[in-house]
Structures are given as structure tokens and as C-alpha cells.
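Numbering (my numbering), first residue to last: 818 to 1083. Even glycine gets a Cβ: it sits at the ideal position worked out from N, Cα and C. Data first, discussion second: the structure below is written as C-alpha cells.
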Amino acid sequence: MADPFDSALDLLRRLNPKDTTENLNRLCSLVPDLTEDLLTSVDQPLEVRRCKKTGRDYLLCDYNRDGDSWRSPWSNEFDPPVSDAELPSERVRKMEVKANEAFDVYRELYFEGGISSVYFWNLDDGFAGVVLLKKSVNPNSNSSGSWDSIHVFESAERARTAHYKLTSTVILNLGTESESLGGMDLSGNMTRQVEQDLPIDGDESHVANLGRMVEDMELKMRNLLQEVYFGKARDVVGDLRSIPPLSETNRDRATHREMIGNLSSR
């Protein structure tokens, strides 16, 4: 008999990625015993909440959650309050503050808007954290798009270096609808992982190293998504409706095949 958890994950992979949050909630309602495992295993579009103390928006994920409460990276307080909540140590909290400042600048440079949040926590041999970035656009009532990136990392400190393990997930949703063209929906996600040993000189080095790794990973994943989403869509549209007359296109293809055949025969 199939394991219920594996079956739930298998089902989510086959459903529309745009409806991940809704489908996840339905699965949790059907099988409450799997709720905690599903919430920690399934990446979903990030939700936004406003910090009551600072008035700044922050992003929600499983890594800043304690039951039904979430910790703000700006105030380091849970909302609603949790009396016995586990908070990062003083040293890790200082790095968390620096990282939030750094990625706030990164967000403005690369996204020109959106929201960023960074959360750190302690490990036995170092620390770990997550970098969250979200940008949503609605240029008009018929078009929308959102980018959610989740970068989870672990850092194990050594003599003068640190070993970083970074797992990044990007969730992309694009949609448009018009009377002439109908509706189009491109939704999906991509996950990549990398490990690196980088030099450190003080705690601020961790923030700089993490910034470079996240920047490199996001650029690579953006290019991959552009190739997969838009390149494939362009190929499909090209097969449906050619810009030059189809007879010319077929003639060019036949000429190309003939040239390849002649070269191969030699």
C-alpha cells in the first residue's frame, strides 16, 4: 500500500502549481495527521503580514512559524505572542539584522519593489537560515504575475572557512486574458541546490557570502525559467503560426536537411 505522505506529494506535483496553497489546505483538511509534514515539505507562494511594532511588511513561511504565530524579522517578536517561543541567539540575531538590511538593498536593485525577509536560527555546529523574496505585479485587470523565491541554507564553520549548503526554489506565476486571445496561464516552480566552501573573516563575512550565493543562484534560475517558459512557448507558437509563409519555412528546412545529408555522406 502506498505511503499517504508520498501519495499527497505525488498528487500535488500533478495539480496546477498556481493552486498549490489551496490544494495543500484541502489535503491537510482531509488528512490532518500529515499537516506538519506537508507544510514543512511543500513550497508555496509566500504570504505577507505587517509587523505591528514597526509597521513594515514581512513574509510568512514555515521557518518563522510557531503554531499559528509568525515572527517578524524587524521586531524579532511573534504575532500573536508566544511565551515560550524559540528565538535566535544574540550573535545569530545580529547577523539576521545585517542580512535583512543587505537583502532589502538587493531587493530594490533587482526587483525595484516587492518584499524581502531573512530569518536565521541556531544549529549545533553553526547556523542556518532562509532568504525570502516576493514580487507581484498587476499591470492591468487582465494580466498578473508573481515571483516567489525561497533560499534555505546551512552554514558549518571551520578554521577560516565556512561550508554552505544552499537550496533555492523559485515559484513563478504568469497570467493574461483578453477577448481576442483568450486566457493563458504559465505557472510552475524550479528547485536547485549548491554547496560551497568560502573564506570568512568575522560574522559579516557570512552575510556577504550568502548574498553572493543567492545572487548567482537567482540569476541562473531566472535564465533557466526564461528558457523553459518563454523559449518553449515561442516554439509552440512558431509551430502553430509561422511569421514567413509556411511554404518558405518548409523549403528552408528541406534545404537544411539536404545539406546535412550531403555532409554526412562525405
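Asked	Found
Buried or exposed: which applies to threonine 1072, given that a residue is buried once 16 or more other Cβ atoms fall within 10 Å of its Cβ?	exposed
Tell me which residue opens and which closes the alpha helix (DSSP H) that phenylalanine 822 is part of.	821 to 831
Could you check what DSSP says for glutamate 996 in three-state terms: helix, strand or coil?	coil
Are the beta-carbon atoms of phenylalanine 944 and leucine 1027 separated by less than 8 Å?	no
Measuring alpha carbon to alpha carbon, tell me which residue in Gly1005, Tyr981 and Lys982 is nearest glycine 992.	Gly1005
Just checking my contact of leucine 949 with leucine 855 at CB under 8 Å: how many whole Å lie between their CB atoms?	About 19 Å; that fails the 8 Å criterion.
State buried or exposed for threonine 837, treating a residue as buried only when at least 16 other CB atoms are found within 10 Å of its CB.	buried
Can you find at least 3 beta carbon pairs, one from the stretch 895 to 907 and one from the stretch 915 to 934, that sit closer than 8 Å?	no
Just to confirm my understanding: we take aspartate 874, look at its own chain, exclude 5 residues before and 5 after, and list those with CB closer than 6 Å. What are they?	Val865, Arg867 and Ile932
For isoleucine 988, is the beta carbon positioned less than 7 Å from some heavy atom of the ligand MG?	Among the ligands in the structure shown, none appear at all, so the ligand MG cannot be discussed.
Enumerate in chain order the residues of its own chain whose CB-to-CB distance from threonine 852 is below 6 Å, with the five nearest sequence positions on each side excluded.	Cys845
What does DSSP give as the partner residue(s) for leucine 876 in the beta ladder?	Val865
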